[in-house]
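Let me begin by presenting the structure, written as structure tokens, before commenting on it.
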Amino acid sequence: MRDSSDTGQKQILAKTIDSIASRRKAPWSMYVVLLLLYTAATFTVHIVSQTQSVIRIADAVIPLPTFAGVFSSLANICIIFLAVYYGTLGFYTAMAIILFQFPLLISRIILHHNVSVLPGLFSNLLTIVAIVVIYLNNMDVQKYQARLRDQAVTDILTGLPNRFACSELVNELIRRNTPFAAVTIDINDFKMINDTMGFDGGNRVLKEIASRWKNIADTGTSGTLDFITRTSGDEFVLVIRNYHTDEEIVSTIRKYETVLEEKLTIDDCDFYVTASFGYAEFPVDAQEKNALFSYTTDAMNEVKRVNSSEHIRRFSAELLKKLNTHEVENMVRTAIENDTIFFNLQPQYDMSHRLRGFEALARMKDADGKMVSPGVFIPAAEKMGLIDKVDGIVFRKSALFFGDLIRKTGADITLSINASVRHLMKNNFIDEIKEILKSSGIPAEQLEIEITESVMIESAEKALSCINEIREMGVKVAIDDFGTGYSSLSYLNSFPANLLKIDKSFIDKMNNSDSSKQYVAAIISIGHIMGFDVISEGVEETEQLDTLRDIGCDYIQGFIWGRPLPQEEAEKVVMEQFG
Ligand code: C2E
Ligand code: MG
Ligand code: MG
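Residue numbers (our numbering): 89 to 667.
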């Protein structure tokens, strides 16, 4: 099994090497054509040299035998082309053909005293010299090319295959759909080794590591088929094949780890080196090279980050999620520090399409300027305990804009802002609202705070007293995403809200079944009984709109009449109605 796989590996590398060879071989058809042409030319020489015929061109009379030289040169050119284009085979073919002619020519001189073949004999001798010179020259070029090709796939420092060879091998394995595990290896604290030992010492460490690993890969002591490469600085990639289980992959990596961690002596200094190994499998974890290596690097970085005694880690979907979370968390932190969180305004309408107001929705962009979904960054901000900061920024920025807008247009509309539980529970929440009302100039009754039902679960008493204070100031309160959480009638009864926002999930289902429609109708009725206005979120279709009208909904907010808009566009919407 090893042997056949070894051959496979060699074939792949040979192909790699061939593919970077600059010189292309001439096609075999040309080889055959040259042989046929040579035979035809030689035969013609024989015919024309025997004949007494002449050809007449205008007044000139040319004896046919004088053309023998032309065909003889053509035959020699064919031979020279064979030597030029077909390497060793061409050389031997050309030599065989030409040497085969010698006994014939010499026998003609000796037996038939035909000295007219002497020029042909000398011409053949010169052709032999030309063929030998071409052959020796070809050999030199081939040796030089072979050296260049080897260098292109070899890491000069360690003698291991390099990044290019690794990449070609992986491409080929993927093309053949051969399962393999890729392991990205990074030497831990290599900078420290370089700093203490100097650049030369660092290089010797790398060479020693490479030689230990090469030994395992070459002798097959790991039990799997391994290909170890140095891809850059202190980074190596191991490609493992012929395993059956994940344990076998780990056991192979463990062998490389063990020999690495054995004492390493350079310039009488003893070193104990460790490395971080991150691996992923083709095709299980990724079907594409770039994704595969990004996963192995993620896994390897996770080993470094966790910094435990376990230095081997497999890529997993959870790891990806965790890494993304880290990334999002960093983005949120930076956006708060730089005050780059901004807002969109989504219009809310009554059933006859008159503007009720806008909901301010937080927006954030990543480093490349791409929008990050609130469904991603709001939970991250909540987890980090920074959601009140996000709320605060959206609150302040949207209120200042909205204050200007209603002063300019005199529009009697409402600004709704989302308040997280954490924000609401802050001792200075009420002061913050007062401060913002003052600085933006928004009349209290034109501001609305959206709170989700979860506040009632987390701290009903404190939430209730806070909501009461908000109401006392004249600010409105909405219960957001109603139906997705606790939804207890008993708390609803004591919740001093103005508006009930039915969650999109109910609106989505409404037209699929009669019972869902009845359910939404029941929520609207209960809301009305409790003294709330009711708004439906996420209305997208006319059918939903018609049903909501039929069952007595008061307001709607949804893509059907308006998506979340940037400030300028929200201003246009207001101007259209109130301008
Ligand atoms: P939400 O408060 O329920 O806001 C309504 C969400 O529904 C918005 O999503 C809005 O774009 C989306 N939406 C409205 N109409 C439609 C529709 O017809 N079809 C569809 N598919 N979606 C519709 P967005 O902006 O992605 O916000 C998601 C959630 O993030 C919000 O849900 C809210 O819970 C939270 N959020 C947004 N901004 C803030 C904020 O400043 N502070 C806090 N604490 N949470 C916020
Ligand atoms: Mg909301
Ligand atoms: Mg909502």
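A virtual CB, placed ideally from N, CA and C, is assigned to each residue, including glycine.
Please determine whether the Cβ atom of residue i lies at a distance below 7 Å from any heavy atom of ligand 4.
{"i": "Glu628", "result": "Ligand 4 is not among the ligands present in this structure, which contains only ligand 1, ligand 2 and ligand 3."}
Confirm, please, whether the CB-CB distance from residue j to residue i is below 8 Å.
{"i": "Gly670", "j": "Gly619", "result": "Residue 670 cannot be examined here, being either before or after the span of the chain that is shown, 89 to 667."}
{"i": "Gly491", "j": "Ser528", "result": "yes"}
{"i": "Leu257", "j": "Val372", "result": "no"}
{"i": "Met669", "j": "Gln632", "result": "Absent from the structure is residue 669, since the part of the chain shown begins at 89 and ends at 667."}
{"i": "Ile639", "j": "Val608", "result": "yes"}
{"i": "Ala270", "j": "Phe370", "result": "yes"}
{"i": "Asp569", "j": "Asp596", "result": "no"}
{"i": "Ser137", "j": "Pro115", "result": "no"}
{"i": "Thr502", "j": "Arg559", "result": "no"}
{"i": "Lys343", "j": "Ile304", "result": "yes"}
{"i": "Ser700", "j": "Val509", "result": "The requested residue 700 does not occur in the structure, where the chain is confined to residues 89 to 667."}
{"i": "Thr312", "j": "Thr333", "result": "no"}
{"i": "Glu523", "j": "Gly562", "result": "no"}
{"i": "Ile143", "j": "Ile135", "result": "no"}
{"i": "Val464", "j": "Ile429", "result": "no"}
{"i": "Val361", "j": "Glu349", "result": "yes"}
{"i": "Val394", "j": "Ala469", "result": "no"}
{"i": "Ala658", "j": "Leu488", "result": "no"}
{"i": "Asn586", "j": "Ala610", "result": "no"}
{"i": "Ser211", "j": "Ser141", "result": "no"}
{"i": "Phe381", "j": "Arg329", "result": "no"}
{"i": "Gly615", "j": "Pro435", "result": "no"}
{"i": "Val460", "j": "Ile424", "result": "no"}
{"i": "Val293", "j": "Leu248", "result": "no"}
{"i": "Asp500", "j": "Tyr643", "result": "no"}
{"i": "Phe47", "j": "Ser604", "result": "Outside the displayed range of the chain (89 to 667) lies residue 47, so it cannot be described from this structure."}
{"i": "Thr139", "j": "Ile186", "result": "no"}
Using CA coordinates, which residue listed in the options is at the minimum distance from residue i?
{"i": "Ile400", "options": "Glu415, Glu628, Thr384", "result": "Thr384"}
{"i": "Lys564", "options": "Ala448, Pro267, Ile639, Ser504", "result": "Ser504"}
{"i": "Phe252", "options": "Arg300, Arg264, Asn265, Asp238", "result": "Asp238"}
{"i": "Gly321", "options": "Arg510, Thr272, Thr422", "result": "Thr272"}
{"i": "Leu408", "options": "Ser396, Met388, Ile316", "result": "Met388"}
{"i": "Arg484", "options": "Ala507, Asn225, Val464", "result": "Ala507"}
{"i": "Leu213", "options": "Asp438, Ile167, Tyr360", "result": "Ile167"}
{"i": "Ile466", "options": "Lys458, Ala450, Ala455", "result": "Ala450"}
{"i": "Ala405", "options": "Thr422, Arg421, Ala379", "result": "Ala379"}
{"i": "Lys589", "options": "Phe583, Ile623, Asn581", "result": "Ile623"}
{"i": "Thr319", "options": "Ala234, Leu170, Ser255, Lys279", "result": "Ser255"}
{"i": "Phe188", "options": "Leu209, Ile198, Val203, Ala171", "result": "Leu209"}
{"i": "Pro654", "options": "Ile644, Glu447, Tyr643, Ala610", "result": "Glu447"}
{"i": "Glu549", "options": "Phe583, Thr540, Glu538, Gly571", "result": "Phe583"}
{"i": "Arg495", "options": "Phe666, Lys351, Met513, Phe594", "result": "Phe666"}
{"i": "Ser578", "options": "Met544, Ser204, Asp277, His200", "result": "Met544"}
{"i": "Glu520", "options": "Glu538, Gly480, Gly473, Asn202", "result": "Gly480"}
{"i": "Gln606", "options": "Asp456, Leu636, Asn418", "result": "Leu636"}
{"i": "Asn225", "options": "Ile262, Met183, Ile186, Val172", "result": "Val172"}
{"i": "Ile262", "options": "Met183, Leu535, Lys231, Lys377", "result": "Lys377"}
{"i": "Asn515", "options": "Ile612, Met280, Asp476, Ser604", "result": "Asp476"}
{"i": "Leu580", "options": "Ile244, Ser603, Asn426, Ile617", "result": "Ile617"}
{"i": "Ile244", "options": "Lys279, Lys295, Ile281", "result": "Lys295"}
Is there a C-beta anywhere in chain D that falls below 8 Å from the one on residue i?
{"i": "Val205", "result": "In the structure shown, chain D cannot be found, because there is only a single protein chain."}
Quiz item: Whose CB is closer than 6 Å to a heavy atom of ligand 2? List the residues in chain order.
Solution: Glu447, Asn506, Glu538, Asp568
Quiz item: When the Cβ atoms of the segment 365-375 are set against those of the segment 301-309, are three or more pairs found closer than 8 Å?
Solution: no
Self-check item: alpha helix (DSSP H) segments (min. 4 residues) lying fully within the segment 106-182
Solution: 116-138, 156-173
Quiz prompt | Every unbroken alpha helix (DSSP H) inside the segment 220-290 [4 residues or more] | solution = 251-263
Quiz prompt | Residue ranges of each beta strand (DSSP E) within the segment 446-486, 3 or longer | solution = none
Quiz item: With a cut-off of 8 Å, do at least 3 Cβ pairs link the segment 285-299 to the segment 408-421?
Solution: no
Practice problem: Answer yes if the segment 343-361 comes into contact with the segment 224-244, meaning at least three C-beta pairs across the two stretches below 8 Å, and no otherwise. | Solution: no
Quiz item: So does the segment 174-193 actually touch the segment 214-225, counting three or more Cβ pairs closer than 8 Å?
Solution: yes
Quiz item: Which runs of the alpha helix (DSSP H) spanning at least 4 residues fall entirely within the segment 334-375, listed in chain order?
Solution: 334-349
Practice problem: Identify every run of the alpha helix (DSSP H) within the segment 611-654, keeping only runs that are complete inside it and at least 4 residues long; order them along the chain. | Solution: 630-638
Quiz prompt | Cβ contact (3+ pairs, closer than 8 Å) linking the segment 151-169 and the segment 119-132 | solution = yes
Practice problem: Return the chain-ordered ranges of every alpha helix (DSSP H) run that is complete within the segment 503-568 and spans a minimum of 4 residues. | Solution: 509-512, 517-528, 542-560
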